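Numbering (our numbering), first residue to last: -18 to 363.
Structure first, then comments.
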Ligand SMILES: Cc1ncc(COP(=O)(O)O)c(C=O)c1O
């Protein structure tokens, strides 16, 4: 049975009259109904039709079709508590990665995994090492818990300063290595990452290194490789991934960590019981089983990414070569004002990542969305 997005939304009871209560752009792109409130407000301020949403590195094609079908069929089971231990999902991930199930832990998005890692491995005397800018969750959560953070600025080319980070490892509880990095889109090759991780583990006998591979599936650079094989050799390496990006399940909240069972257990004990809902588990399982999806999405993303990067380059703006589903552009002007102006014209671009206050991060939509978006962004820039 094929399920269109519209019939899927109807089947959940969200369509029809219910949809009238939603802003136009939410009902038009139902898979984004979990979008941040500030985005919704920005959209509400805009007087036109649906804005083009290029602000959160989501999948513009919606959820994996197999996940939509599976959730529709499983919805009846939503009255029951989720399967204990998320065993089926962990089994499937383990099988896909060539691991044992006890080397996999799931979370409510990989954001939960990052939060748990900070909580489990950092203490008031064991700091977090992170780049600046990078994905903010670990440093932000360390701040909330009053835990020390050492942030190492990216280098001139906006690559992670691996030597600079290494110099901060002694005495650390956790090193957060985002590869490819959000928001720069830059990726480090396997050799450099392995050397960095092994040097970090040598530098401190307790430190844990977490490699965030949220954008792994989008990478095309042949020098890159996942750090998953390292977890077999090193018990203090954890790798995180997400279903939010290439699988289009950001609203379902499913991510996972891979690592040594004893290391994952230190995070697992802090997790909310039943924190990954049953429909989320069903969606994740179905998405993993859609073997053609990753290549299809990667190719579609790459074409739209190259089109967008070329457009900015031709217009005279420096673009950071991206291995992800977003691109960081130096617009040589205040990026917050630019973001607001774009929202007023119906294009939502990403938040600003200090200290890069003159760079804008643009998530890659469909080719059609990017063609329409660059025309509008060009007007704002001029
Ligand atoms: C690098 C990185 N890690 C983790 C996440 C968290 O994603 P989620 O919690 O949806 O899995 C994101 C989200 O944008 C991200 O960019």
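Where a beta carbon is used, it is the ideal one built from N, C-alpha and C, also for glycine.
What you are looking at is a predicted structure, and each value in this text was computed from that prediction instead of being measured.
Nearest residue (CA-CA) to residue i, options the options
i: residue 290; options: 102, 97, 99, 305; result: 305
i: residue 188; options: 361, 303, 339, 102; result: 102
i: residue 296; options: 44, 310, 262; result: 310
i: residue 229; options: 60, 67, 345; result: 345
i: residue 79; options: 40, 212, 32; result: 212
i: residue 138; options: 303, 333, 150, 354; result: 303
i: residue 172; options: 186, 208, 183; result: 208
i: residue 98; options: 276, 266, 358, 218; result: 218
i: residue 193; options: 148, 239, 50, 233; result: 239
i: residue 202; options: 275, 161, 358; result: 161
i: residue 223; options: 336, 106, 53, 40; result: 40
i: residue 272; options: 74, 36, 329; result: 74
i: residue 70; options: 332, 86, 241, 55; result: 86
i: residue 259; options: 275, 48, 58; result: 58
Coarse secondary structure for residue i, derived from DSSP in three states
i: residue 2; result: Bear in mind that the predicted position of residue 2 carries a pLDDT of just 33, short of 50, making it too unreliable to give a figure here.
i: residue 194; result: coil
i: residue 275; result: helix
i: residue 55; result: helix
i: residue 204; result: coil
i: residue -10; result: Residue placement at residue -10 is poorly supported in this model, since its pLDDT is 38, which falls under 50; the coordinates still yield a value, given next. DSSP places residue -10 in helix when its eight states are reduced to three.
i: residue 296; result: coil
i: residue 436; result: The structure shown does not extend to residue 436, since the chain is modelled only from -18 to 363, so the question has no answer here.
Where residue i falls, given that 16 or more other Cβ within 10 Å makes a residue buried
i: residue 61; result: exposed
i: residue 11; result: Caution applies to residue 11, whose pLDDT of 30 falls short of 50 and renders its modelled position unreliable; the model cannot decide the point.
i: residue 278; result: buried
i: residue 300; result: buried
i: residue 280; result: exposed
i: residue 126; result: exposed
i: residue 287; result: exposed
i: residue 327; result: buried
i: residue 251; result: exposed
i: residue 377; result: In this structure the chain extends from -18 to 363, so residue 377 is not present and cannot be described.
i: residue 253; result: exposed
i: residue 262; result: buried
i: residue 114; result: buried
i: residue 338; result: exposed
Beta strand (DSSP E) runs wholly inside the segment 301 to 357, at least 3 long, in chain order: For the segment 301 to 357, whole beta strand (DSSP E) runs of length 3 or above, ordered along the chain, are 307 to 311, 328 to 330, 340 to 344.
Segments of 4+ residues assigned as alpha helix (DSSP H) that fall wholly inside the segment 222 to 270: 242 to 249, 259 to 270
Runs of alpha helix (DSSP H) wholly within the segment 88 to 170 (minimum 4 residues, chain order): 90 to 102, 118 to 125, 143 to 147
Start-end ranges of the beta strand (DSSP E) lying completely within the segment 30 to 83, minimum 3 residues: 33 to 35
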